[in-house]
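S.K.: This is the structure I have questions about; it appears just below.
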Amino acid sequence: MNNLLTKFLSACDKDYLLINQDWKIIETSLTDDKLLINLPQEYLGRDVRTIISELVGLDNIAHEIIQGKRSKFEIKGIESFPDRKLYIDICILPNFTDNFDNGKLILLISDATERMILEQSLVQGANETSLLFKQLTASKQYIDVVITSMADALLVTTPSGKIKTINLAAEMLLESKEIDLLEQHISVVLPKFDSLQINNFYNTENSDLFTKEVEAICQTKSGKSIPVAFSCAKIKTEIERFRGYIYILRDMTERKQAELAKQEFLAIISHEIRTPISSVMGIADLLLETELEEEQQEFVKTIHTSGNSLLKIVNDILDFAKIESGKLELETQPFYLCNCIQEAISLLSLKAENKKLTLNFNPSPDLPEMIVGDITRLRQILLNLIANAIKFTSKGGVEVFLNSHQIGQTQEGKELYEIQFAVKDTGIGIPQDRLDRLFQSFSQVNSSICRKYGGTGLGLSICKQLSELMGGRIWVESKLGEGTIFYFTIIAPIFSFELQNRILS
1 MNNLLTKFLS
11 ACDKDYLLIN
21 QDWKIIETSL
31 TDDKLLINLP
41 QEYLGRDVRT
51 IISELVGLDN
61 IAHEIIQGKR
71 SKFEIKGIES
81 FPDRKLYIDI
91 CILPNFTDNF
101 DNGKLILLIS
111 DATERMILEQ
121 SLVQGANETS
131 LLFKQLTASK
141 QYIDVVITSM
151 ADALLVTTPS
161 GKIKTINLAA
171 EMLLESKEID
181 LLEQHISVVL
191 PKFDSLQINN
201 FYNTENSDLF
211 TKEVEAICQT
221 KSGKSIPVAF
231 SCAKIKTEIE
241 RFRGYIYILR
251 DMTERKQAEL
261 AKQEFLAIIS
271 HEIRTPISSV
281 MGIADLLLET
291 ELEEEQQEFV
301 KTIHTSGNSL
311 LKIVNDILDF
321 AKIESGKLEL
331 ETQPFYLCNC
341 IQEAISLLSL
351 KAENKKLTLN
361 FNPSPDLPEM
371 IVGDITRLRQ
381 ILLNLIANAI
391 KFTSKGGVEV
401 FLNSHQIGQT
411 QEGKELYEIQ
421 FAVKDTGIGI
431 PQDRLDRLFQ
441 SFSQVNSSIC
451 RKYGGTGLGL
461 SICKQLSELM
471 GGRIWVESKL
481 GEGTIFYFTI
491 IAPIFSFELQ
501 NRILS
């Protein structure tokens, strides 16, 4: 090869093989430190096709190049070493040295490894992108089918609460097409739900939890009000941290109607049962006043005790039905606060004494003497909590604590107090994972407790609802095997004869 041409090819980062018309190697610029093909030690005179198999079958093309019918022929991306990733491009040219000796060909060889790896990466990336797109499309179609098939209404909003999409169930529930609700605020759908509570969803960006299910009134296009239960969850992605909210609304109309029917049924049945029970207990009381043999007296006492237990259950069911239906009205009469607690303790002192338990009352010194409220319902809460404490305590005792603090004034100028009661026992305690079940209707800690100690599971539920009707709340602290403390509060104005006379005058 011409030295000048050799230098030129070297500068272009290309090497060559000079071959004759029989494909035999005559000369090469490849060196030991730059092997682009698997070149054997004895390569001169060797058929290049045994080294580069891609050249097999190119005899006609080679003759065309030698005869000047074709200027060149290129083969790209040949894998030249099977054991490592090394690729070359080959260009077959006529021998333009030695006065274009037509019996020879030049094979220009260039390293194509970097280009091939890049091309393979691009192809692989394109394939992966195509696969991902197909998967995303399939996922979207799947999600669309799920959302469309949902029986519950679904609304998606922006972080500020503007509606972006709704499903078919939402269109049916709200009597509106999706296009009519787009860009409307969620409060259009839930107008009577406290706006502050809605805003709470938009001020908790660090929370990933579902909100608890909330009951509210949903407004339809025709103006109809529908009771619904709804929950709200955040839409978060790795790329865009916070996208908005998903609201799921469930129509509660049928459930509310069923609950109302159940409450009315319970009230009717309870009244029907209470009348004959009262008669039986009245007759039992009369029998106890007559001269009876000892065995007969025990029989009558059993009738009386069983009747009392049955009457308590019936009264609980009646109270529960009244509270659930919103028909329970609280009285507002002045009464002595400490007297109410002492009366409840007196009624249960014999039970505590029979179990050899102490039963103490510890009021704080700065309590109001008289408050205005419903003494009967307050006593009912205390009797329930103290009776439970005695029931579940085998040794030690029960203590009732009472304290209060002023929180404001009524419109009439009466001082308004929050009064806190606590009933503490040294009984069996309650497991931490069961505490949240205590105030649910017809619920007890577990079935073994029900079998051993009895009860309907309504008492604490009634206590909770009564305390809330009085403006307060109820909660519990407990340690298994050590005891339990039930707390509850009420909000009540204090009563003073001086202020009452001033108001009346």
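Position 118, counted from 1, in the sequence shown is what the UniProt record's numbering calls 118; the numbers after and before it change by one each time, with no gaps.
Note that beta-carbon positions come from the ideal geometry of N, C-alpha and C, so glycine has one too.
In this text the structure is predicted, and so the values were computed from the model without any measurement.
Quick check on the DSSP output: the alpha helix (DSSP H) that includes Gln342 runs from which residue to which?
M.R.: Residues Leu337 to Asn354.
S.K.: Rounded to whole angstroms, what is the Cα-Cα separation between Leu209 and Ser478?
M.R.: For Leu209, the predicted model reports a pLDDT of 46, less than 50, meaning its position is unreliable; a value from the coordinates is still stated below. Going from the Cα of Leu209 to the Cα of Ser478 covers about 27 Å.
S.K.: Answer yes or no: do Leu105 and Ile92 have a C-beta to C-beta separation smaller than 8 Å?
M.R.: Taking 8 Å as the Cβ cut-off, Leu105 and Ile92 qualify as a contacting pair.
S.K.: What number of angstroms, rounded off, separates the C-alpha of Pro94 from the C-alpha of Ile65?
M.R.: Their backbone Cα atoms lie some 6 Å apart in a straight line.
S.K.: Look at the alpha carbon of Asp111 and the alpha carbon of Ile163, and state the distance between them as a whole number of angstroms.
M.R.: When rounded, the distance between both Cα atoms is 58 Å.
S.K.: Hey, out of Glu415, Leu58 and Leu86, whose CA is closest to Ile78's CA?
M.R.: Here the closest residue by C-alpha is Leu86.
S.K.: If Ile19 and Val56 are in contact, beta carbons under 8 Å, what's the gap, nearest whole angstrom?
M.R.: That belief does not hold up - the Cβ atoms of Ile19 and Val56 are roughly 14 Å apart, past 8 Å.
S.K.: Classify Ile51 as helix, strand or coil using the three-state DSSP reduction.
M.R.: The answer is coil: DSSP assigns Ile51 none of H, G, I, E or B.
S.K.: Does the Cβ of Asn206 have 16 or more other Cβ atoms within 10 Å, making it buried, or fewer, making it exposed?
M.R.: Low per-residue confidence applies at Asn206: pLDDT is 46, beneath 50, and the placement is therefore not dependable, though the value from the model is reported in the following sentence. So Asn206 ends up on the exposed side.
S.K.: Tell me which same chain residues have a C-beta within less than 8 Å of the C-beta of Gln333, skipping the five on either side of it?
M.R.: These residues qualify, in order along the chain: Val372, Gly373, Asp374 and Ile375.
S.K.: Any chance the region 154-162 sits against the region 182-191, with 3 or more Cβ pairs inside 8 Å?
M.R.: In short, these stretches touch, since the Cβ pair count reaches three.
S.K.: Just to confirm, are residue 588 and Phe320 a CB contact at a threshold of 8 Å?
M.R.: What the structure shows of the chain is the stretch from 1 to 505, and residue 588 is not part of that stretch, so it cannot be assessed.
S.K.: Cα separation between Ala169 and Ile462?
M.R.: Approximately 36 Å, taken between the alpha carbons.
S.K.: With distances taken Cα to Cα, identify the nearest neighbour of Val423 among Ser278, Ser222 and Leu402.
M.R.: The residue with the shortest Cα to Cα distance from Val423 is Leu402.
S.K.: Below 8 Å on the Cβ atoms is my guess for Ile277 versus Val314; work out the distance and round it to an integer in Å.
M.R.: Indeed, because the Cβ distance is near 7 Å, the residues count as touching under 8 Å.
S.K.: If distances are taken between C-alpha atoms only, which option among Leu190, Ser225 and Phe73 comes closest to Leu155?
M.R.: Nearest option by C-alpha distance: Leu190.
S.K.: So for Arg243, helix, strand or coil by DSSP?
M.R.: Note: Arg243 maps to coil in three-state DSSP.
S.K.: Where does Ser195 land, buried or exposed, given buried means 16+ other C-beta within 10 angstroms?
M.R.: Note that Ser195 scores a pLDDT of 47, beneath 50, so its modelled location is shaky and nothing firm can be said.
S.K.: Taking only three categories from DSSP, how would you classify Gly408?
M.R.: Correct three-state label for Gly408: strand.
S.K.: Between the Cα of Gly483 and those of Leu466, Pro431 and Glu27, spot the shortest distance and give me the residue it belongs to.
M.R.: The shortest C-alpha separation from Gly483 is found at Pro431.
S.K.: How would you call Leu464, buried or exposed, if buried means at least 16 neighbouring beta carbons within 10 angstroms?
M.R.: As written in the sequence, residue 464 is Lys, which differs from the Leu given in the question. Buried.
S.K.: For the region 221-295, list the beta strand (DSSP E) runs that are entirely contained and at least 3 residues long, ordered along the chain.
M.R.: Runs found: 225-235 and 244-251.
S.K.: Out of Leu44, Ile246, Cys232 and Ala216, point me to the one whose CA is closest to Lys256's CA.
M.R.: The candidate whose alpha carbon is nearest that of Lys256 is Ala216.
S.K.: Assuming the contact rule is C-beta atoms closer than 8 Å, Ile345 and Leu359 should be a hit. Round their C-beta distance to whole Å, please.
M.R.: 6 Å between Cβ atoms; contact.
S.K.: When burial is assigned at 16 or more other CB atoms within 10 Å of the CB, is Ser121 buried or exposed?
M.R.: Classification of Ser121: exposed, given that the 10 Å Cβ count is below 16.
S.K.: Would you be able to state if there are at least three C-beta pairs under 8 Å between the region 252-267 and the region 285-292?
M.R.: No, they do not touch.
S.K.: Please classify Leu181: does DSSP put it in a helix, a strand, or coil?
M.R.: DSSP places Leu181 in helix when its eight states are reduced to three.
S.K.: Classify Tyr142 as buried or exposed, calling it buried when 16 or more other Cβ atoms lie within 10 Å of its own Cβ.
M.R.: Tyr142 is exposed by the Cβ-count criterion.
S.K.: According to DSSP, is Glu205 helix, strand or coil?
M.R.: Reliability fails at Glu205, whose pLDDT of 49 lies under 50, so the model's placement of it is uncertain and no value is given.
S.K.: Assign Asp15 to buried or exposed, taking buried as 16 or more other Cβ atoms, counted over all protein chains shown, within 10 Å of its Cβ.
M.R.: Per the 10 Å Cβ criterion, buried.
S.K.: Are there 16 or more other CB atoms within 10 angstroms of the CB of Ile341, so buried, or fewer, so exposed?
M.R.: When all chains shown are included, Ile341 counts as buried.
S.K.: My guess is that Thr426 and Gly397 are in contact by the Cβ rule of under 8 Å, so how many angstroms apart are they, rounded?
M.R.: Thr426 to Gly397, Cβ: 6 Å. Contact.
S.K.: What number of angstroms, rounded off, separates the C-alpha of Asp366 from the C-alpha of Ala492?
M.R.: The straight-line gap from Cα to Cα measures roughly 15 Å.
S.K.: Please classify Ile179 as buried or exposed, where buried requires at least 16 other C-beta atoms within 10 Å of its C-beta.
M.R.: By the 10 Å Cβ count, Ile179 comes out exposed.
S.K.: Could you compute how far the alpha carbon of Ser309 sits from the alpha carbon of Gln411?
M.R.: Each residue's Cα considered, the two are about 43 Å apart.
S.K.: What is the residue span of the alpha helix (DSSP H) that Tyr142 lies within?
M.R.: Unbroken alpha helix (DSSP H) run through Tyr142: Thr113 to Ser149.
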